[in-house]
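Input: a single structure, listed below in structure tokens.
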Amino acid sequence: MRKPTLLLAILLSISFFACKQNAPADNTKEEPEVEAATNPLKGAWKMTAWKPADSDKQETPTGTQYKFYTDNHFYFVGYDDKADTIMQAGGGTYTVDGGTFTEKIAYATWDSPNIGATYTFNFTMGDNGETFKQRGVMKSNVEGEPDFDLAEDYVKVGPTLEAEVAKKAPVGLWKATKTLYGDQEEAMPPAEGTVIHKLITPTHFYVVTYDQSTGKLDGMTFGTYEMKDGKYIETVMSTTRSIELIDKMLPFEYEYTGDKFSQKGILEFTDGPFEMEEYYTRVE
């Protein structure tokens, strides 16, 4: 009784194999995966040269200026490290298209007509992506004021954190959802229309508070940081807040879970301690 069954199985196998052999070949070529274009501007940059409005050539900056690009946002700060004063700061969103990029100003220490304005610049990369040159004309939004012929050169600021430490660092762009300052009883959301952004790169931190509708800058602080002994420690390089913060190391307890980041600490001032808590959610 088993022989017919075995014979049928063999015949079916032969038939299936023959069909496979005679089937038309699939000559369709798989499309290679298109690799996403990398954005060469992403990172932290320090200005090495610029062209003042009253000059026809570039000069070495008298102050210090940093510029930061994320995937979609940019931030900059220029300060006098001798006088401990911020000369200018601003930021917003941007897009890249080939060898040009367009910035839209969200806030600035400049006159308010610049808020919401867009400026398109040419850029060129050099030294294997370690430098870039930004060129373009910023059209004046003020009657009687001339356009500004912008020419700025930058060099990339490399990572300062060890690779293993950097993995644990809250690198990214963050937006505050709640804050507690001073004698507040509990952490509260920022006032309506107020934006608090904190950018943490492998090299620096940059936190800014501004009015979303007017672009008016309420305050900003900038500096470096380190991850040590389970704490997030900031060293302030420039700020519009108290000058007592300059060059001071500020240790914070922190929690970082990927899309959430918070820091808590006590800032010591001559007139007494100042409690601070900030709770952030990831933007980028």
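Number 260 in my numbering belongs to position 12 of the sequence shown; there are no gaps in the numbering.
We treat Cβ as the ideally placed atom computed from N, Cα and C, and that holds for glycine.
{"query": "Relative to the C-alpha of Met475, which residue among Thr457, Ile448, Trp358, Thr469 is closest?", "result": "Ile448"}
{"query": "How many angstroms separate the CA atom of Lys508 from the CA atom of Thr529?", "result": "5 Å"}
{"query": "For the candidate residues Asp401, Thr472, Thr505, whose alpha-carbon lies nearest to that of Leu498?", "result": "Thr472"}
{"query": "Is the beta carbon of Met295 less than 8 Å from the beta carbon of Glu391?", "result": "no"}
{"query": "Just to check my reading of the structure: Pro316 and Tyr454 have Cβ atoms closer than 8 Å, yes? What is that Cβ distance to the nearest angstrom?", "result": "In the sequence under discussion, the amino acid at residue 316 is Phe, which differs from the Pro named in the question. Going by Cβ atoms, the distance from Phe316 to Tyr454 rounds to 6 Å, so yes, they are a contact pair."}
{"query": "Just curious, the beta strand (DSSP E) that Ala337 is in, first and last residue?", "result": "333 to 345"}
{"query": "Taking DSSP's pairing of strands, which residues face Trp358 in a bridge?", "result": "Paired residue(s): none; Trp358 is not in a bridge."}
{"query": "Give me the Cα-Cα distance between Phe380 and Tyr402, rounded to the nearest whole angstrom.", "result": "5 Å"}
{"query": "What would DSSP say about Asn376, mapped onto helix, strand or coil?", "result": "helix"}
{"query": "In three-state terms, what does DSSP make of Ala414?", "result": "helix"}
{"query": "Going by C-alpha distance, which of Glu526, Phe517, Trp298, Pro309 is nearest Glu501?", "result": "Glu526"}
{"query": "In terms of residue numbering, what span does the beta strand (DSSP E) encompassing Thr469 cover?", "result": "465 to 476"}
{"query": "Which residues mark the beginning and the end of the beta strand (DSSP E) in which Gly291 is found?", "result": "291 to 298"}
{"query": "Per DSSP, what kind of secondary structure is Ile363 in: helix, strand or coil?", "result": "coil"}
{"query": "Which first and last residues belong to the beta strand (DSSP E) in which Ser486 is found?", "result": "479 to 487"}
{"query": "Under the assumption that Lys464 contacts Ile444 (Cβ atoms under 8 Å), give the Cβ distance between them as a whole number of angstroms.", "result": "Not confirmed; about 14 Å, so no contact."}
{"query": "If Ala356 sits next to Gly338, beta carbons under 8 Å apart, how far is it from one beta carbon to the other, in whole angstroms?", "result": "3 Å"}
{"query": "Note down, in chain order, each residue of its chain lying with its Cβ closer than 6 Å to the Cβ of Tyr504, except the 5 sequence neighbours on either side.", "result": "Pro418"}
{"query": "With a 10 Å radius around its C-beta and 16 neighbouring C-beta atoms as the bar for buried, classify Leu254 as buried or exposed.", "result": "Low confidence applies here, because Leu254 scores a pLDDT of 37, under 50, leaving its location unreliable; read the following figure in that light. It is exposed - the Cβ of Leu254 has fewer than 16 other Cβ atoms within 10 Å."}
{"query": "What three-state label does DSSP hand Leu447 in the structure shown?", "result": "strand"}
{"query": "Would you kindly check if the distance between the Cβ of Phe322 and the Cβ of Gly311 is under 8 Å?", "result": "no"}
{"query": "Going by other Cβ atoms of all chains shown within 10 Å of its Cβ, with 16 needed for buried, is Phe517 buried or exposed?", "result": "exposed"}
{"query": "Residues bridged to Glu351 by DSSP?", "result": "Tyr342, Tyr367"}
{"query": "Which of helix, strand or coil does DSSP assign to Glu523?", "result": "strand"}
{"query": "Classify Ser486 as buried or exposed, calling it buried when 16 or more other Cβ atoms lie within 10 Å of its own Cβ.", "result": "buried"}
{"query": "Using C-beta distances below 6 Å, list every residue in its chain close to Val405, excluding the 5 sequence neighbours before and after it, in chain order.", "result": "Ala292, Lys294, Thr451"}
{"query": "Quick one: grab the DSSP three-state call for Leu493.", "result": "helix"}
{"query": "Classify Thr457 as helix, strand or coil using the three-state DSSP reduction.", "result": "strand"}
{"query": "Output yes or no for whether 8 Å exceeds the beta carbon distance between Ala435 and Lys446.", "result": "no"}
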